[in-house]
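Protein sequences appear in the order of chains P and E.
1 is the number of the first residue of the first sequence in this note's numbering; add one for each residue after it.
300 is the number of the first residue of the second sequence in this note's numbering; add one for each residue after it.
Backbone N, C-alpha and C define an ideal beta-carbon position, used for all residues, glycine too.
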Amino acid sequence: MEYGPPPLFNQGVSARARLAFFSFLAVALIVVDSRAGLLETIRVGVGVVLYPLEQLMLLPRDVSGRVIDFFSTVSLLQKENEQLRRAAVERAQQLAQAQTLDMENERLRKLLGARERLGNNAQLAQILYESRDRFSRKLVLDRGGQSDIVAGSPVLDETGVVGQVTRVFPLTAEVTLLTDKDQTIPVQVMRNGLRGVAYGGIESGTMELRFLASNADIVNGDLLVTSGIDAVYPSGLPVATVRSVERTAKDQFARVVLAPVAGVHSHAHLLVLQLDRSQIPPRPEERKREAEARKGSRK
Amino acid sequence: MKPAWLASLLGVFAMRPARPAEPVELASTAAQGAARGYTPKLLLSPVNPLFIWFSLLITLLANFLPWGKTPFVPDFLALALVFWNVHQPRRAGIGAAFVFGLLMDVHDGALFGEHALAYTLLSYGAISLHRRILWFPLGSQMLYVLPLLLVAQFASMLIRLWVGGAFPGWMFFAESGIGALLWPFASWLLLAPQRRSVERGEARPL
Numbered sequence: 001m002e003y004g005p006p007p008l009f010n011q012g013v014s015a016r017a018r019l020a021f022f023s024f025l026a027v028a029l030i031v032v033d034s035r036a037g038l039l040e041t042i043r044v045g046v047g048v049v050l051y052p053l054e055q056l057m058l059l060p061r062d063v064s065g066r067v068i069d070f071f072s073t074v075s076l077l078q079k080e081n082e083q084l085r086r087a088a089v090e091r092a093q094q095l096a097q098a099q100t101l102d103m104e105n106e107r108l109r110k111l112l113g114a115r116e117r118l119g120n121n122a123q124l125a126q127i128l129y130e131s132r133d134r135f136s137r138k139l140v141l142d143r144g145g146q147s148d149i150v151a152g153s154p155v156l157d158e159t160g161v162v163g164q165v166t167r168v169f170p171l172t173a174e175v176t177l178l179t180d181k182d183q184t185i186p187v188q189v190m191r192n193g194l195r196g197v198a199y200g201g202i203e204s205g206t207m208e209l210r211f212l213a214s215n216a217d218i219v220n221g222d223l224l225v226t227s228g229i230d231a232v233y234p235s236g237l238p239v240a241t242v243r244s245v246e247r248t249a250k251d252q253f254a255r256v257v258l259a260p261v262a263g264v265h266s267h268a269h270l271l272v273l274q275l276d277r278s279q280i281p282p283r284p285e286e287r288k289r290e291a292e293a294r295k296g297s298r299k
Numbered sequence: 300m301k302p303a304w305l306a307s308l309l310g311v312f313a314m315r316p317a318r319p320a321e322p323v324e325l326a327s328t329a330a331q332g333a334a335r336g337y338t339p340k341l342l343l344s345p346v347n348p349l350f351i352w353f354s355l356l357i358t359l360l361a362n363f364l365p366w367g368k369t370p371f372v373p374d375f376l377a378l379a380l381v382f383w384n385v386h387q388p389r390r391a392g393i394g395a396a397f398v399f400g401l402l403m404d405v406h407d408g409a410l411f412g413e414h415a416l417a418y419t420l421l422s423y424g425a426i427s428l429h430r431r432i433l434w435f436p437l438g439s440q441m442l443y444v445l446p447l448l449l450v451a452q453f454a455s456m457l458i459r460l461w462v463g464g465a466f467p468g469w470m471f472f473a474e475s476g477i478g479a480l481l482w483p484f485a486s487w488l489l490l491a492p493q494r495r496s497v498e499r500g501e502a503r504p505l
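Right under this line is the structure:
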């Protein structure tokens with residue numbers, strides 16, 4: 001590249017110039033996307049274009065799954081049926097109790113004029129695939145903006161909380177799992193009501209409870225449920241169990257490692273709860289601005 | 300009768316050789332070549348640009364398969380991009396790598412521009428090495444391809460760690476190793492259309 005090529009062999013812009021241009025563009029995109037999040041419309045547009053291709057590539061797996069299902073033996077189905085029937089009987093009593101409690105609760109709430117609890121409007125969605133991205137834990141569901149799924153909605157399976165919808169495309173939605181490093185959820189120890197915030201763990205497939213004093217009353221096997229103080233997750237949903245508690249003299253916080261309750265890898269269907277935005281308190285900046293506005297009006 | 304210089308010039312333009320500086324005597328006397336440690340190389344017919352885009356699309360689709368977090372699954376698209384940037388740097392360039400990177404970003408739910416940057420670096424590396432790589436036998440070519448793939452992976456890892464992603468573990472880089480091991484297979488497969496003879500006859504069914 002030190003000498004100029006004769007015009008006959010001119011190869012256009014040099015590779016180095018192109019490298020500089022495209023890598024600058026890429027870095028600019030990364031910065032804009034990570035800091036400002038202005039590119040969501042472009043992303044959604046590209047996502048819609050890619051949707052048919054992605055569906056096409058899911059076909060081999062789905063077809064093979066169906067073929068295997070077809071040949072799965074009757075005895076397996078019978079066994080499963082038996083298990084399900086037994087589980088249904090076991091749960092019938094709980095269900096009856098829950099129903100009576102529900103009715104009672106509803107009456108009391110109406111009496112109090114309280115708002116209806118969120119969580120009644122839930123949608124069943126199917127897991128399309130797990131994202132291949134190694135740096136995050138994400139799933140893609142087969143419902144999106146067309147089915148009124150909004151970003152921020154909690155996602156559950158029948159055992160507990162799985163994660164939260166973080167990005168919505170018209171026909172699909174991305175769910176960030178609780179085990180993702182950046183995902184947080186407010187929790188409470190079922191046994192004694194101790195509150196805390198659980199973060200995605202450093203080790204894959206785990207979560208951790210940070211900033212809990214070393215003398216906090218928490219032991220292995222404790223069940224953590226959502227505390228409901230964030231108005232995103234309804235309270236009382238199982239989240240995780242305590243796997244290990246490490247207390248060292250040099251740290252003032254205990255290191256609590258959690259194992260999520262919901263088995264994400266074993267389920268094909270998840271429940272997406274509807275998010276009631278009216279219950280979410282405004283962001284701190286807005287509050288500050290509101291306060292300033294109030295101050296201004298008082299003057 | 301054309302003069303010899305004209306014929307050779309026409310020959311050069313007609314074949315668009317992937318190895319422009321290949322000495323003529325290599326092909327002519329295989330025994331001499333073998334004595335020097337070279338294997339005689341086939342003259343390839345010109346590449347069909349449609350096949351380049353088709354193969355890139357197919358590898359993109361291969362990346363779209365629901366791999367999930369299965370370990371050791373190589374980035375097929377990256378391998379195909381390296382291949383075409385080495386063999387046809389003027390047809391599949393850095394711009395193509397960038398655009399395919401953006402598509403991968405949207406599919407993966409990764410940061411917008413992460414794969415684009417990785418593939419841009421990959422493509423530049425491949426283009427700047429393309430004259431050298433093809434002089435080596437396939438086994439040694441793998442040793443050139445491996446660092447290219449590693450650099451791309453390393454770039455995307457740096458970006459994610461900077462933004463606050465979780466460290467995926469060292470086995471993450473094994474994907475590049477598998478990708479490099481697939482290089483001979485990719486070369487065989489992607490050069491197959493160019494290896495076909497122009498005149499189809501009974502002696503040459505393909």
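Around LEU410 of chain E, the same chain offers ASP404, ILE458, ARG459, VAL462 as residues with beta carbons nearer than 8 Å, after the five sequence neighbours per side are excluded.
If you check the CB distance, LEU449 of chain E and PHE382 of chain E do not come in under 8 Å. When CB distances to chain E are screened at a threshold of 7 Å, the residues of the stretch 182-197 of chain P falling below it are ASP182, in chain order. Boundaries of the alpha helix (DSSP H) harbouring TYR443 of chain E: 437-462, taken from the DSSP string. By the Cβ criterion, the stretch 156-167 of chain P is not in contact with the stretch 190-198 of chain P, since fewer than three pairs of Cβ atoms, one from each stretch, lie closer than 8 Å. By the neighbour-count criterion, in which 16 or more other beta carbons inside 10 Å mark a residue as buried, HIS386 of chain E falls on the buried side.
The stretch 371-379 of chain E and the stretch 16-23 of chain P do not touch, with fewer than three beta-carbon pairs separated by less than 8 Å. Within its own chain, the residues whose Cβ lies closer than 6 Å to the Cβ of THR358 of chain E, once the five positions on either side in sequence are excluded, are PHE375, LEU376, ALA379, listed in chain order.
ILE127 of chain P carries a strand assignment under DSSP once its states are collapsed to helix, strand and coil.
Distance check between TRP482 of chain E and each of E:VAL444, E:PHE350, E:LYS368 places E:VAL444 closest, using alpha-carbon atoms only. Taking 8 Å as the cut-off, the Cβ atoms of THR369 of chain E and PHE22 of chain P do not count as close. DSSP places SER278 of chain P in the helix class (H, G or I) of the three-state scheme. Here ILE202 of chain P is near ALA465 of chain E, since their CB atoms are less than 8 Å apart. Taken atom to atom, the span from the alpha-carbon of PHE472 of chain E to that of VAL140 of chain P is near 25 Å.
When the beta-carbon positions are compared, SER153 of chain P and LEU273 of chain P come within less than 8 Å of each other. Just measuring C-alpha positions, the residue of P:GLU54, P:LEU212, P:GLY228 sitting nearest LEU275 of chain P is P:GLY228. Interface residue (Cβ-Cβ distance to chain P less than 8 Å): PRO467 of chain E is classified as such. For ALA396 of chain E, same chain residues with a beta-carbon under 6 Å away, outside a window of 5 residues either side, are LEU380, TYR418, THR419, SER422 in chain order. Neighbourhood of GLY47 of chain P in chain E, by CB distance below 7 Å: VAL405, in chain order. Selection P:ALA262, P:GLU158, P:VAL261, P:VAL242 evaluated against ALA254 of chain P yields P:VAL242 as nearest (Cα-Cα).
Distance from VAL187 of chain P to VAL256 of chain P at the Cβ level is roughly 11 Å; contact not present, criterion being Cβ atoms closer than 8 Å. Contact residues of the stretch 116-142 of chain P toward chain E are TYR129, GLU130, SER131, ARG132, ASP133, ARG134, PHE135, SER136, LYS138 (C-beta to C-beta distance below 7 Å). Excluding the 5 residues flanking it on each side, TRP366 of chain E has same chain C-beta neighbours closer than 7 Å at VAL372, in chain order.
MET456 of chain E counts as buried, since no fewer than 16 other beta carbons sit within 10 angstroms of its beta carbon.
For ARG35 of chain P, the secondary structure class from DSSP, reduced to helix, strand or coil, is helix.
Secondary structure of SER244 of chain P (DSSP, three-state): strand.
A straight-line Cα-Cα distance of about 12 Å links THR184 of chain P and THR206 of chain P. Chain-ordered listing is empty here: chain P has no CB closer than 8 Å to the CB of GLY476 of chain E, the nearest sitting near 15 Å.
With at least 16 other beta carbons inside 10 angstroms of its own, MET57 of chain P counts as buried. For ALA451 of chain E, the closest of E:HIS414, E:ARG431, E:HIS429, E:PRO345 by C-alpha to C-alpha distance is E:HIS414. CA-CA distance, SER72 of chain P to LEU53 of chain P, rounds to 30 Å.
Between LEU50 of chain P and LEU402 of chain E a beta carbon distance of about 6 Å is seen, short of the 8 Å cut, so the two are scored as contacting. In chain order, LEU410, PHE411, GLY412 make up the part of chain E whose C-beta sits under 7 Å from the C-beta of ASP33 of chain P. For PRO260 of chain P, the enclosing beta strand (DSSP E) has its first and last residue at 253-260. For MET207 of chain P, the nearest beta carbon of chain E is not closer than 8 Å to its own beta carbon.
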